[in-house]
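Comments concern the structure below.
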DNA sequence: TCCACTACCTTGTGTTGCAAGGCTTTTAGG
DNA sequence: CCTAAAAGCCTTGCAACACAAGGTAGTGGA
């Protein structure tokens, strides 16, 4: 067996409770299969997301009926399992994004990071 | 015994790995005792933070020598345990804030939330 | 044949936020 | 004096979950 335990420590905990949201967001932009999602997420800055993280998560999303699955053969390798959002999944994504924004702003406030009001630079 | 378990569900998980940072940030603005920190955090939008969350966390911060403690009598009640940042704590706060910003931006990107570039409105 | 890549999944472990409850000291009411 | 409430502190037990590691299966090239 193998166990390393604390690989990155804090950073891996920062994604708690948001990874499923990220997955839903990725799926919402078009059906995808698990192996590809890790690459999509990695390309977006979530560099540490591995397969061991997302497959249990995808299973949970499927169990909660937030995603629908469909099998399709691949050109080289085992058949892919494509995930797409269910109507409930879309709603969960919207709700989750709002929850994330709220929590994010609260943390920014607690950390003393100034929230910048966006104002157009028109010469009034 | 008592166990409720899933009180809020997702929202409580969003604070994973950031609560200690929030605590360090609160302490960095002046020594504080635990009971008061929950109120300070609540006033800043972290409405769900309870004592059961922060006391084990404060213990961990103390064990890791990120904070220093000092006892002081209170006007009514048991003596307060004031926490203040150690030099290591200040450094950990800086590093942690940067990690949070990175993770936050990555999540924003993965969720498709547009990042606004801040530009000063000076008449150049 | 052997290796590498694609693609899926499971098991085990450590961290940690939280509910619930208990302890101590002081002040207020009766 | 006795009780109750509040201010403070702390511990126990649990469930959630991200991750490392490893396992399986199919295809194609050296």
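Protein chains in written order, with the working numbering: chain A, 3 to 126; chain B, 3 to 126. We put the CB at the ideal spot given by N, CA and C, even for glycine.
Residue-level contact to chain A via CB, residue 72 of chain B, 8 Å cutoff: The residue given as residue 72 of chain B occupies position 70 in the second chain. By this cut-off, residue 72 of chain B is not an interface position.
One or two residues paired with residue 14 of chain A in a DSSP bridge: Translated into the one-based positions of the first chain, residue 14 of chain A becomes position 12. Paired residue(s): none; residue 14 of chain A is not in a bridge.
For residue 67 of chain B, the three-state DSSP class (helix, strand or coil): Within the second chain, numbered from 1, the residue matching residue 67 of chain B stands at position 65. Reduced to three states, the DSSP call for residue 67 of chain B is coil.
Residue burial classification, residue 97 of chain A (beta-carbon count within 10 angstroms, cutoff 16): By 1-based counting over the first chain, the position of residue 97 of chain A is 95. By the 10 Å Cβ count, residue 97 of chain A comes out exposed.
Three CB pairs or more closer than 8 Å across the stretch 58-75 of chain B and the stretch 85-95 of chain B: yes
7 Å Cβ cut-off: residues of chain B touching residue 99 of chain A: Along the first chain, read from residue 1 onward, the residue named residue 99 of chain A stands at position 97. 113, listed in chain order.
Whether residue 102 of chain B touches residue 23 of chain B by CB criterion (8 Å): Counting from one through the second chain, the residue named residue 102 of chain B turns up at place 100. Counting from one through the second chain, the residue named residue 23 of chain B turns up at place 21. Going by C-beta atoms, residue 102 of chain B is nearer than 8 Å to residue 23 of chain B.
The alpha helix (DSSP H) enclosing residue 21 of chain B, as first and last residue numbers: Taking the second chain and counting its residues from 1, one reaches residue 21 of chain B at position 19. Where residue 21 of chain B is concerned, the enclosing alpha helix (DSSP H) stretches over 21-30.
Residues within the stretch 41-69 of chain B neighbouring chain A, beta-carbon criterion of under 7 Å: 43, 46, 47 and 48
Endpoints, alpha helix (DSSP H) assigned at residue 44 of chain A: Position 42 of the first chain, counting from 1, holds the residue named residue 44 of chain A. From DSSP, the alpha helix (DSSP H) with residue 44 of chain A extends over 36-45.
Contacts of residue 19 of chain A in chain B (Cβ-Cβ under 7 Å): Counting from one through the first chain, the residue named residue 19 of chain A turns up at place 17. The answer, in chain order, is 12, 15, 16 and 18.
Nonlocal neighbours in the same chain, by C-beta distance under 8 Å from residue 34 of chain A, ignoring five residues either side: Taking the first residue of the first chain as position 1, residue 34 of chain A is located at position 32. The residues are 28, 42, 84 and 85.
Three-state class that DSSP yields for residue 60 of chain A in the structure shown: Looking up residue 60 of chain A in the first chain gives position 58. Correct three-state label for residue 60 of chain A: helix.
Residue 17 of chain A beta carbon less than 8 Å from that of residue 105 of chain B: Counting from one through the second chain, the residue named residue 105 of chain B turns up at place 103. Counting from one through the first chain, the residue named residue 17 of chain A turns up at place 15. Yes. Within cutoff.
Reduced DSSP category for residue 87 of chain A - H, G, I as helix; E, B as strand; rest coil: By one-based count along the first chain, residue 87 of chain A stands at place 85. Strand, per DSSP.
Residue 75 of chain B in three-state terms, based on DSSP: As a position in the second chain, residue 75 of chain B is number 73, starting the count at 1. Note: residue 75 of chain B maps to coil in three-state DSSP.
Buried or exposed (CB count within 10 angstroms, at least 16 for buried), residue 136 of chain B: The requested residue 136 of chain B does not occur in the structure, where chain B is confined to residues 3 to 126.
Reference residue 79 of chain A, options A/37, A/20, A/110 and A/15, closest by Cα: Here residue 79 of chain A is taken as the residue at index 77 of the first chain, counted from 1. When only C-alpha atoms are compared, the closest one is A/37.
Inter-residue Cα distance where the pair is residue 40 of chain B and residue 55 of chain A: One-based indexing of the second chain puts residue 40 of chain B at position 38. One-based indexing of the first chain puts residue 55 of chain A at position 53. Approximately 32 Å, taken between the alpha carbons.
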